[in-house]
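In our numbering, the protein residues as written are 6 to 156.
No residue lacks a Cβ here, since even glycine has one placed at the ideal position from N, Cα and C.
Just so it is clear, the structure is predicted and the values come from calculations on it, not from any experiment.
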């Protein structure tokens with residue numbers, strides 16, 4: 006739906022009005038030998054680029070892209086402490102819904118900030134499993150420390 010709404014001009018804008026668009030993307034492409042490469046220049050975040058494409062009247066947030074697929078499966082509803090999924094948004098309406106969705110999927114939500122800091126939760130960012138978290142899946146205390154450490 007997001008792609009259809011973003012690329013559908015006036016029709017997309019009408020469909021998107023009042024809706025929440027959640028971007029879970031990471032700026033990656035196949036890099037050869039089974040690896041990946043970043044597709045955007047250093048310092049540029051896909052969250053900011055996608056947010057700029059969202060029609061006026063829609064709400065935008067970035068979430069669900071801070072852990073690899075294996076961790077999303079294996080660490081949902083982890084005990085004794087749930088793992089954290091970071092999110093970024095400037096919209097109060099999106100924040101509440103995204104946090105509810107993250108909780109419903111078995112994780113603890115933690116807002117990293119607004120869309121301007123969305124690069125922090127993308128691959129290579131300091132709050133991403135395959136970035137500054139060095140492969141770790143963290144709980145709330147560790148996530149809060151990481152959030153403050155690089156601010």
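For the beta strand (DSSP E) that residue i lies in, which residues bound it at each end?
i	result
residue 35	33-37
residue 79	First-last for residue 79: 74-79, but that is the alpha helix (DSSP H), not the beta strand (DSSP E).
residue 43	40-43
residue 143	Counting along the chain, residue 143 falls outside any beta strand (DSSP E), and DSSP gives it neither H nor E.
residue 115	113-118
Who are the Cβ neighbours of residue i in its own chain at under 8 Å, not counting the five residues just before and after it?
i	result
residue 73	134 and 135
residue 62	18, 21, 22 and 23
residue 143	88, 89 and 151
residue 103	25, 27, 66, 68, 92, 94 and 114
residue 141	134 and 147
How many whole angstroms separate the CB atoms of residue i and residue j, which I take to be in contact at a CB cut-off of 8 Å?
i	j	result
residue 87	residue 111	7 Å
From residue i to residue j, what distance separates their C-alpha atoms?
i	j	result
residue 41	residue 35	5 Å
residue 38	residue 45	20 Å
residue 146	residue 155	15 Å
residue 57	residue 30	14 Å
residue 69	residue 77	9 Å
residue 75	residue 126	17 Å
residue 49	residue 84	35 Å
residue 32	residue 105	25 Å
residue 98	residue 139	32 Å
Could you give the residue range of the alpha helix (DSSP H) that holds residue i?
i	result
residue 103	97-109
residue 93	Per DSSP, residue 93 belongs to no alpha helix (DSSP H); it is in the beta strand (DSSP E), 89-94.
Apart from the five residues just before and just after residue i, which ones in its own chain have a Cβ nearer than 6 Å to its Cβ?
i	result
residue 130	124 and 136
residue 148	89 and 115
residue 55	28
residue 80	88 and 142
Among the residues of its own chain, which have a CB less than 7 Å from the CB of residue i, if the five just before and after it don't count?
i	result
residue 108	114
residue 82	111
Do three or more CB pairs link the segment 108-124 to the segment 88-95 at distances below 8 Å? yes
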